[in-house]
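The listed protein sequences correspond, in order, to chains A and B. Numbers given in our numbering equal positions in the first sequence, counted from 1, plus 131. Numbers given in our numbering equal positions in the second sequence, counted from 1, plus 3. Have a look at the structure below before the remarks.
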Amino acid sequence: MLKRRIGDLFIRVPLLGWLIGILIAVTLEHLLGDLLVDVLGLSKIPVLFGFVIMLKKPLLMPGVILYVLLIYIIPISVVARLSAWPANRLAARLLDFPIWFSVVIHLGLFYAALHMWSGISAYRVLTLKLTLIAIMVTLSLNVVNGYMGEFSCSHPGFMALGAYAASVVTVVLFVNDRLFGPALLAPAFGPFIFPVALITGGMVAALGALAIAIPSFRTRGDYLAIVSLAFMFIIKSMIENLEVVGGPRGLSSQPDYASLPIVFLWTIACIWMTNNFVQSILGKALNAVRDDEMAANAMTVNTRRTKIVAFLFAAFWAGVAGGLFAHVIRYVNPATFGLQKLAEVLAMVYFGGLNSVYGSIVGAVSLSLLGEALRPLEIFKWIIIPLLLIIVMIYRPTGLVAFKELNVRNLVKPKQ
Amino acid sequence: MCYFVSWCLCGEGKKCIMALLEVKKMSHEFGGLRAVNSYNLEIEAGQIRGLIGPNGAGKTTIFNLITGIYKPTEGDIILDGKEITGLQPHKIAAFGIGRTFQNLQLWRHMTVVEHVKLARYSRISYGLIGAFFGTPKRQKQEAEIEEMAHNLLKMIGIDHLSDQVVTNLPYGDQRRVEMARALSMEPKILLLDEPTAGMNPEELIQMMEIIRRIHKELGMAIFLIEHRLKVVMDLCHMIQTLNFGHVIAEGTPEEIQNNPKVIDAYLGRESVV
Ligand SMILES: Nc1ncnc2c1ncn2[C@@H]1O[C@H](COP(=O)(O)OP(=O)(O)OP(=O)(O)O)[C@@H](O)[C@H]1O
Ligand SMILES: [Mg+2]
């Protein structure tokens, strides 16, 4: 009942209204955050909506809750509700132009909010970047495991290929490095070559994906899962034995090119392209291969091409994400891309929802943030998260937001 | 020269017809079991042809051989003058053989209209660039396909269900989706594997009406497996009877009905519906 009432209150708020609300909330935090922290007796601004503080020092709980209410919840809901009418008018006006214009405006506002929010601390920036990268990895794995219904375990391998390939390009070209010698190009070219490095990483990963795509013509299900798992281990031990890139010690001193706007742009590109792909008829062919391959063949669908494209596409984006990851952390080692990474990515895909762009975003964001928020619980974190996963799997076997299409026009349209 | 006249003289001076689909001495073995034995078939454009026979006679196997799901142990399959034996199934389909399945094989997470659109796969020319970047060419092509899909669904009478996920539909409607999907490929010949199986009498009559309309409006050749004799007798110009992988009789409905071999192998054991 109460939920209905609250829902009715906000039903007419368009996305634009929410974004304005969020933007104002983070501005408030910038201006008044420190003051409020003093008043409430907290030691510093709660970095992740207070979860970490509450778990570490339960006594501060009332102060933290008050902070979150005053800085985020109340300003966002009040501004969103009050701005609903003008925001709707504006959203409607924006749709007079081509759709991309409205999308760019929305993304611009969203980025501004993220930028302000993360401006508070370096920890927020790092968490945000890693979350965005997690979205790319999850979404790309969803293409194979969700949209095409194979169970592929090779994603950490693709990430590793991308991370190393991109790192080698930037380190060779722009860093005076112990392993690779002096820089070959002036540092000023760096930011322009960085996309090339990432795409190279993606391409190398895609090339590696052929090793899974070709067996997938004949095997499905468990067998393919094992082939792909083997692939992941092969990549890992191959890198461990490759002394040119540092072997098990890893590769460091990547230049600092992966700034927040860069990571954000690549994530948007990944979401946009994946969403385009899965809604096209060529993309629906993935669903047909999953649901009934024989029928797909009988209806003229070239299933081999479909499988190759899906695997290579997914691997490409995993590779790009890997490249970004290496440049965010500015260090990679083969141990990063092992079973733990695999478990993490699979959990994000299946928790968020199969066959759904929304699902991957929800899965990646919620599990990334949860992982950070529950960090103070140490070992219990690894009990709570799997437990949560099990509960979701019982009540929603395909994940939280499965089989839902992301319709951009519906998202940005006015709600009146 | 023969391509231009349907009736012409063959090699030895006999009168013959350019068949649309021709199967010559096709055999297939599963392990030791010879499921299809030296099977011959000629279907002309615009003909409705029936295939009957008791359970396990090899009827579905013949469809699977023609559509390339299995490769025949021996024999040739020729569609419209082109040898298609041993090609990949999606190529054979794109050359013009559409089919439905005996046990519905729909894509269970997809909507009705998505089924019909996907069967246009081989005609899509926007390529991966279009798929990844949503080019204007893709928008245009997909809009055309969308329109065509709705027209087809109207003809089959299920356009009001176009946005439903197929698993939510009653059985009879699912059969119609299979039909619409196969037609969406614009095949030269349509293979229907027991299109009325499991239907109630009302659905049965509607399905027969649809088959008649497809034949009349699209002039499509149809090759039909059926268990209900009334359906085959009513619809088909020519009927083959299969038993243990052998054709034991071939002829018009009247001839088949009165053939003692058929009565023995088939009608004798099952009541005529
Ligand atoms: N994939 C297969 N592997 C081995 N044997 C098979 C296979 N498919 C069919 N058979 C066998 O081939 C024979 C013919 O089967 P088919 O399915 O063609 O019969 P049918 O005439 O379609 O029968 P029904 O009326 O029951 O559909 C049967 O004995 C069946 O057991
Ligand atoms: Mg059969």
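Backbone N, C-alpha and C define an ideal beta-carbon position, used for all residues, glycine too. None of the values given here were measured: they were computed from a predicted structure.
{"Check": "3 or more residues per run - each beta strand (DSSP E) lying fully within the region 176-261 of chain B", "Outcome": "192-196, 224-228, 241-246 and 249-254"}
{"Check": "Contact with chain B by A:Phe447, beta-carbon distance below 7 Å", "Outcome": "no"}
{"Check": "Short CB-CB distance (under 7 Å) between B:Leu121 and chain A", "Outcome": "yes"}
{"Check": "Cβ of A:Ser411 within 7 Å of any chain B Cβ", "Outcome": "yes"}
{"Check": "Rounded C-alpha distance that separates A:Ile153 from A:Pro206", "Outcome": "8 Å"}
{"Check": "Close-in-space but distant-in-sequence residues of the same chain around A:Pro313 (CB under 7 Å, 5 per side omitted)", "Outcome": "Asn307"}
{"Check": "For review: beta carbons within less than 5 Å of any heavy atom in ligand 1", "Outcome": "B:Phe33, B:Ala38, B:Asn58, B:Gly59, B:Ala60, B:Gly61, B:Lys62, B:Thr63 and B:Thr64"}
{"Check": "Cross-strand partners of B:Gly53 (DSSP beta bridge)", "Outcome": "B:Leu227 and B:Ile242"}
{"Check": "B:His112 at chain A interface by Cβ criterion, 7 Å", "Outcome": "yes"}
{"Check": "Residue nearest to A:Ala389 in terms of C-alpha spacing, selected from A:Leu263, A:Leu186 and A:Val496", "Outcome": "A:Leu263"}
{"Check": "Residues near A:Ala457 in its chain [Cβ-Cβ closer than 7 Å; skip 5 each side]", "Outcome": "Ala294, Ala297, Ser298, Gln385 and Val463"}
{"Check": "B:Lys85 versus A:Arg435: straight-line alpha-carbon distance, rounded", "Outcome": "23 Å"}
{"Check": "B:His163 at chain A interface by Cβ criterion, 7 Å", "Outcome": "no"}
{"Check": "Within-7 Å CB hit, B:Ile127 to chain A", "Outcome": "yes"}
{"Check": "Three-pair Cβ contact test at 8 Å for the region 494-509 of chain A versus the region 444-459 of chain A", "Outcome": "no"}
{"Check": "Whole-number beta carbon distance between B:Pro263 and B:Cys239, since they are thought to touch under 8 Å", "Outcome": "Contact doesn't hold; Cβ gap of about 20 Å is too wide."}
{"Check": "As assigned by DSSP and simplified to three states, the class of B:Met29", "Outcome": "strand"}
{"Check": "C-beta atoms of B:Gly133 and B:Arg123 nearer than 7 Å", "Outcome": "no"}
{"Check": "Those residues which DSSP pairs with B:Glu117 across a bridge", "Outcome": "DSSP output for B:Glu117 lists no bridge partner at all."}
{"Check": "Coarse secondary structure for A:Leu485, derived from DSSP in three states", "Outcome": "coil"}
{"Check": "Check whether A:Ile370 and A:Pro229 have beta carbons under 7 Å apart", "Outcome": "no"}
{"Check": "Whole-angstrom distance between B:Ile127 and B:Val55, CA atom to CA atom", "Outcome": "The sequence given here places Ile at residue 55 of chain B; Val does not occur at that position. Computed Cα separation, rounded: 36 Å."}
{"Check": "Supposed close pair A:Val195, A:Leu173 - CB separation, criterion 8 Å", "Outcome": "7 Å"}
{"Check": "Where B:Val276 sits in the DSSP three-state scheme", "Outcome": "With a pLDDT of only 40 at B:Val276, under the threshold of 50, the placement of this residue in the model should not be trusted, and no figure is reported."}
{"Check": "Contact set for A:Leu363: own chain, Cβ-Cβ below 7 Å, skip 5 residues either direction", "Outcome": "Correcting the residue identity first, residue 363 of chain A is Met in this sequence and not Leu. If we look at A:Met363 and ignore the five residues flanking it on each side, its Cβ neighbours are Cys284, Ser285, Pro287, Gly288 and Leu473."}
{"Check": "Simplified DSSP state of B:Tyr6, which is helix, strand or coil", "Outcome": "Caution is warranted here: a pLDDT of 43 is assigned to B:Tyr6, below 50, making its placement in the model unreliable, and no coordinate value can be reported."}
{"Check": "Chain A within 7 Å of B:Thr70, Cβ atoms only", "Outcome": "yes"}
{"Check": "For A:Ala533, three-class secondary structure by DSSP", "Outcome": "coil"}
{"Check": "Runs of alpha helix (DSSP H) wholly within the region 74-104 of chain B (minimum 4 residues, chain order)", "Outcome": "92-99"}
{"Check": "Same chain, Cβ closer than 7 Å to B:Gly14, neighbours up to 5 away in sequence not counted", "Outcome": "For B:Gly14, the pLDDT reaches just 49, beneath the cut-off of 50, and the residue's location in the model is therefore unreliable, although a value from the coordinates is still provided. Correct list: empty, nothing qualifies."}
{"Check": "Local Cβ density within 10 Å of B:Asp196, reported as buried at 16 or more and exposed below that", "Outcome": "buried"}
{"Check": "beta-carbon A:Gln471 near ligand 2 non-hydrogen atom, thresh 6 Å", "Outcome": "no"}
{"Check": "Any non-hydrogen atom of ligand 2 within 6 Å of B:Gln105 CB", "Outcome": "yes"}
{"Check": "Contacts around A:Val303, its chain only, beta-carbon distance under 6 Å, and the 5 residues preceding and following it disregarded", "Outcome": "Phe311"}
{"Check": "Residue environment, A:Met132, which counts as buried when at least 16 other CB atoms sit within 10 Å", "Outcome": "exposed"}
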